[in-house]
Amino acid sequence: MHKSIDCGDLRLEHTGQTVTLAGWVHRRRDHGALIFLDLRDRSGIVQVTCDAQNAAAAHEILNAVRNEYVIQVTGLVQPRPAGLANPNLPTGDIEVQATGAAILNEARTTPFYINEDSDVDEALRLKYRYLDLRRPAVQRNIILRHNVVKTIRDYMADQGFMEIETPVLIKTTPEGARDYVVPSRVHPGEFYALPQSPQQLKQLLMVAGYERYFQIARCFRDEDLRADRQPEFTQLDVEMSFIEREDIMGVIEPLYVRLIEQWGSKPILRKPFPVLTYAEAMAKYGSDKPDLRFGMEFVDLSGLLADSGFGVFSAAVAAGGQVKAVVAPGAAGYSRKQLDDLAEVARRGGAKGLVSIAYRDEGPRASAKALTEGEVAAIAAAAHAGAGDLVLIVADASAAVVAKSLSELRLLLGRQLGLIRADAHALCWVVEFPLLEWSADEQRWSAMHHPFTSAMDEDWDLLESDPGRVRAKAYDLVMDGWEVGGGSIRIHRRERQAAMFRALGIGPEEAEEKFGHLLEAFEYGAPPHGGIATGIDRTVAILAGTPSIRDVIAFPKTASATDLMFRSPSSISPAQLRELHLAVTE
RNA sequence: GGGGACGUAGUGUAGCGGUUAACAUGCCGGCCUGUCAAGCCGGAGAUCGCGGGUUCGAACCCCGUCGUCCCCGCCA
16 MHKSIDCGDL RLEHTGQTVT LAGWVHRRRD HGALIFLDLR DRSGIVQVTC DAQNAAAAHE
76 ILNAVRNEYV IQVTGLVQPR PAGLANPNLP TGDIEVQATG AAILNEARTT PFYINEDSDV
136 DEALRLKYRY LDLRRPAVQR NIILRHNVVK TIRDYMADQG FMEIETPVLI KTTPEGARDY
196 VVPSRVHPGE FYALPQSPQQ LKQLLMVAGY ERYFQIARCF RDEDLRADRQ PEFTQLDVEM
256 SFIEREDIMG VIEPLYVRLI EQWGSKPILR KPFPVLTYAE AMAKYGSDKP DLRFGMEFVD
316 LSGLLADSGF GVFSAAVAAG GQVKAVVAPG AAGYSRKQLD DLAEVARRGG AKGLVSIAYR
376 DEGPRASAKA LTEGEVAAIA AAAHAGAGDL VLIVADASAA VVAKSLSELR LLLGRQLGLI
436 RADAHALCWV VEFPLLEWSA DEQRWSAMHH PFTSAMDEDW DLLESDPGRV RAKAYDLVMD
496 GWEVGGGSIR IHRRERQAAM FRALGIGPEE AEEKFGHLLE AFEYGAPPHG GIATGIDRTV
556 AILAGTPSIR DVIAFPKTAS ATDLMFRSPS SISPAQLREL HLAVTE
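Under our numbering, think of the first position of the first sequence as 16, with each following residue one higher.
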């Protein structure tokens with residue numbers, strides 16, 4: 016070992032000990048004959064002093080070091096002189112008086128600061144990711160991630176789950192996201208696909224009788240990126256046999272409580288986590304991943320305004336649609352420009368317009384003149400809007416448009432008005448998702464979760480008569496408005512699976528070709544089973560308080576799915592192409 | 001595929017049609033024994049992302065392009 020103790024571990028109790036440290040020069044304060052040096056390793060920072068009179072040789076060496084040099088220092092741990100302790104440093108009560116020093120490696124001037132939390136162009140950070148990862152703030156995130164994953168593994172094992180690895184080279188799946196694909200050298204013209212998740216594999220492990228499986232699993236989806244989406248990401252993948260929905264929730268909820276209480280810095284607003292049905296979540300928040308750190312629930316005015324003289328409202332209701340509102344507390348003073356911006360947000364959600372009523376001290380002001388005084392007063396009563404509040408109303412024949420528009424408005428106003436509690440986490444379960452959703456593009460029903468999801472027992476009969484009304488045994492875990500997990504109870508009987516494929520318009524031959532292995536497996540005694548997968552990257556990002564999962568991934572990709580350090584993807588040699596039986600066409 | 005923002009010394013920014021492109025910090029040199037964003041003195045460092053156009057004159061205006069970020073589509 017090049018060191019006898021870690022920098023960040025030194026305390027008063029080590030006083031009088033001679034220690035050897037090794038690390039990076041974090042910062043240097045040169046007073047000529049006296050040099051102060053902050054030495055940093057993974058554990059933290061400690062101040063080293065070196066006095067030219069007492070340690071001439073060491074002083075000469077430390078005089079030459081610069082930021083980020085890798086050095087070794089031997090010295091005596093001493094309490095700081097009275098009044099000179101640094102309360103900002105865990106090691107601030109002591110310092111190490113160097114008696115010997117060695118330069119283990121020099122360092123070029125870094126392209127950005129390692130020793131301060133300044134904003135740096137992200138492209139530069141990614142190009143020099145190994146330096147970015149050296150910055151204490153980034154290092155904290157990576158360490159947090161390790162701790163979270165460690166806690167997950169310990170917890171899952173304690174709960175009787177086995178971690179089993181599944182292949183990364185597997186097979187393309189027809190449903191779902193675009194696959195990443197790997198050409199086969201041995202089988203010309205054939206390809207593996209990287210798993211979008213180990214979905215079928217974990218179900219097969221249930222057939223195989225492992226009963227409780229988990230995996231910290233890498234998943235791959237070739238879709239466009241977002242702040243919360245990377246082409247490869249990590250899930251806690253879980254599957255259990257002989258269970259119902261509540262059993263999965265009963266495993267995952269205590270895990271998330273533990274992760275937050277052990278590694279987070281904020282309390283959980285509500286325990287146990289509220290359970291909302293999909294229908295409730297859409298009705299109250301217009302979203303299947305509602306941010307419950309604030310209120311602003313929607314108010315349904317459809318009944319109240321069905322016969323309104325304002326045609327937009329009555330027409331929406333007559334067309335089977337809705338008129339709904341949110342109350343922005345204290346926003347009655349919003350300017351024309353601010354209201355225009357809100358209307359633009361509503362339009363992005365599909366709404367044709369936005370009606371606002373500002374309940375000002377001098378009287379309410381409605382953007383729709385056709386509303387009567389009585390209606391304006393009734394709306395205030397129904398929405399519990401008082402003086403100073405702004406009511407925003409969206410009407411549309413489509414409930415989805417109303418939901419999306421109002422949801423965007425709710426989130427924007429929640430942020431603008433400071434209503435979102437930044438000092439706490441709010442988690443909830445969303446259950447009873449629709450089993451199917453209509454794909455306008457393909458003119459067919461498609462699985463909302465995936466094709467192996469079971470319908471709720473009482474809804475199976477609707478599958479042929481009214482597919483859109485069938486609810487699934489599916490559930491999402493939502494944290495602070497992020498979808499952090501999702502799962503379902505699976506279909507484990509072949510005839511149910513066949514009915515599902517029929518509903519999806521997948522014929523017996525196609526089903527056999529694409530899912531034959533799974534269907535056959537189900538004929539050999541598949542237990543009732545179900546599972547969930549939660550996003551490790553998202554979970555850690557929320558715990559770290561960062562808006563992007565890139566901040567909790569050691570080597571993330573850019574928005575265009577490139578790696579700026581490796582410069583990948585990259586072309587391959589003609590020889591490699593030939594070997595893989597590939598030709599590049601453009 | 002679409003929309004938006006950004007791109008100026010190593011880094012972070014200012015400059016938005018007219019002197020030698022400014023400030024902070026970092027870097028280099030000198031001084032300095034109690035600093036912890038040390039201080040003081042001096043110095044070097046920019047083909048203003050790239051290409052084209054408008055203009056007497058472009059970092060600045062226009063077009064294109066590349067890159068990064070955010071959003072929509074997409075993400076069972």
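Think of the CB as a built atom: it goes at the ideal place given N, C-alpha and C, for glycine as much as any other residue.
Since this is a predicted model, take the numbers as computed values, not measurements.
DSSP places Ala97 in the coil class of the three-state scheme, outside both helix and strand. If you ignore the 5 residues before and after Tyr143, its C-beta comes within less than 6 angstroms of the C-beta of Pro126, all in its own chain and listed in chain order. The shortest CA-to-CA distance from Ser461 to any of Gly496, Ala518 and Leu421 is the one to Ala518. Each residue's CA atom was taken as its position, placing Asp376 and Leu405 some 12 angstroms apart. With contacts defined by Cβ atoms closer than 9 angstroms, Pro246 and Lys488 do not form a contacting pair. Between Pro213 and Lys529, the C-beta spacing is not below 9 angstroms. Per the Cβ contact rule, the region 390 to 398 is not in contact with the region 275 to 292 (fewer than 3 Cβ pairs under 8 angstroms). For Trp444, the enclosing beta strand (DSSP E) covers residues Leu442 to Val446.
In the DSSP assignment, Pro589 falls within the unbroken alpha helix (DSSP H) covering Pro589 to Glu594. Collapsing the DSSP output to three states places His507 in coil. Pairwise C-beta distances place the region 55 to 63 in contact with the region 91 to 110, as three or more of them are shorter than 8 angstroms. Counting every other CB atom within 10 Å of its CB across the protein chains shown gives Pro203 a total below 16, marking it as exposed. Ile557: member of the alpha helix (DSSP H) spanning Ile551 to Ala559, first to last residue. Val153: not part of any beta strand (DSSP E); member of the alpha helix (DSSP H) spanning Pro151 to Asp173, first to last residue.
Looking at the backbone, the Cα of Ala361 and that of Val417 are separated by about 9 angstroms. Following the DSSP letters along the chain, one finds Val342 in no alpha helix (DSSP H) but inside the beta strand (DSSP E) bounded by residues Gln337 to Ala343.
Sequence-distant Cβ neighbours of Leu184 in its own chain, meaning closer than 7 angstroms and more than five residues away, are Val197 and Tyr207. Counting C-beta pairs with one atom in each stretch, the region 335 to 343 and the region 304 to 321 have three or more that are closer than 8 angstroms, which means they touch. For Asp472, the secondary structure class from DSSP, reduced to helix, strand or coil, is helix. Taken through DSSP and simplified to helix, strand or coil, Glu276 comes out as helix. Note: Arg459 is bridge-paired with Ser454 in the DSSP secondary-structure output.
Within the DSSP secondary-structure output, Asp56 pairs in a beta bridge with Gly59. Annotated as distal: Asp476 and Arg486, with beta-carbon spacing of 9 angstroms or more. Between the region 439 to 451 and the region 423 to 430, the count of Cβ pairs shorter than 8 angstroms is below three; the stretches do not touch. Between Ile557 and Trp497 the beta-carbon gap is near 6 angstroms, inside 8 angstroms, which marks them as a contact. Inclusion of Arg260 and Gly545 in the CB contact set at 9 angstroms is warranted, their separation being smaller than that value.
Counting only runs of 3+ residues, the beta strand (DSSP E) found wholly inside the region 277 to 318 occupies 290 to 292, in chain order. Separation of Pro543 and Arg509 (C-alpha to C-alpha, rounded to the nearest whole angstrom) is 12 angstroms. In the structure shown, Tyr195 adopts coil according to DSSP, grouped into three states. Take Pro182, set aside five residues on each side of it, and no residue of its chain has a beta-carbon closer than 6 angstroms to its own. Ile167 places its beta carbon less than 9 angstroms from that of Leu251. Take the alpha-carbon of Pro210 and the one of Thr187: they are about 8 angstroms apart.
If you draw a 10 Å sphere on the C-beta of Arg150, you find 16 or more other C-beta atoms in it, and that means buried. In this structure, Ala381 lies near Val391, with their beta-carbon atoms less than 9 angstroms apart.
Residue pairing of Arg486 in beta bridges, as defined by DSSP: Pro449.
Taking the C-beta atoms as reference points, Leu284 is found nearer than 9 angstroms to Ala441.
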